[in-house]
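Q:
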């Protein structure tokens with residue numbers, strides 16, 4: 059990953075599929091519950107993401123969320139979940155669940171299934187495409 063010199067470098071950068079209503083809702087929920095502005099959010103499709111992380115292939119961030127930690131270490135999909143939970147206000151303890159025996163196998167299988175099925179699941183949750191973010195932005 060290319061280093062970038064900006065004031066955001068102490069934040070974890072969460073890169074997600076901005077065209078997925080579930081992904082957008084989840085990113086909004088994370089922002090709402092983050093501690094001390096711990097995250098910067100970028101959609102996979104954004105020009106800013108392409109400029110800042112030119113080595114990250116779009117296929118990778120469309121397949122699974124990518125969490126870029128300070129220092130540029132990248133965690134993909136379910137591997138990002140413990141680090142996300144560690145940075146949330148009231149949900150930090152949930153990060154410990156990922157240390158339980160077998161949790162990585164279960165989390166990996168569930169995450170991969172969910173990621174593949176997210177658009178079908180969104181059609182069920184938002185049947186008329188009426189998904190609105192908390193701040194009134196339509197996804």
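Residue numbers (this note's numbering): 59 to 197. For each residue, glycine too, the CB sits at the ideal point set by N, CA and C. Predicted model, so just to flag it, every value in this text is computed and none were measured.
Which residues mark the beginning and the end of the beta strand (DSSP E) in which residue 123 is found?
A: Note, residue 123: premise wrong, no beta strand (DSSP E); not H, not E.
Q: Here's the rule: buried if 16 or more other CB atoms are within 10 angstroms of the residue's CB, otherwise exposed. What is residue 175?
A: With fewer than 16 other Cβ atoms within 10 Å, it is exposed.
Q: Taking the beta carbon of residue 167 as the centre, do at least 16 other beta carbons fall within 10 Å, making it buried, or is it exposed?
A: Answer is exposed; the Cβ neighbour count stays below 16.
Q: Just verifying my parser: in three-state terms, what is the DSSP assignment at residue 184?
A: Coil at residue 184, not helix or strand.
Q: Within 10 angstroms of its Cβ, does residue 82 collect 16 or more other Cβ (buried), or is it exposed?
A: Label assigned to residue 82: buried.
Q: Determine the DSSP secondary structure at residue 74, reduced to helix, strand or coil.
A: Three-state DSSP puts residue 74 in a strand.
Q: Counting C-beta neighbours from all protein chains within 10 Å, is the total for residue 75 16 or more, i.e. buried, or is it exposed?
A: Buried: at least 16 other Cβ atoms inside 10 Å.
Q: According to DSSP, is residue 155 part of a helix, a strand, or is it coil?
A: Three-state DSSP puts residue 155 in a helix.
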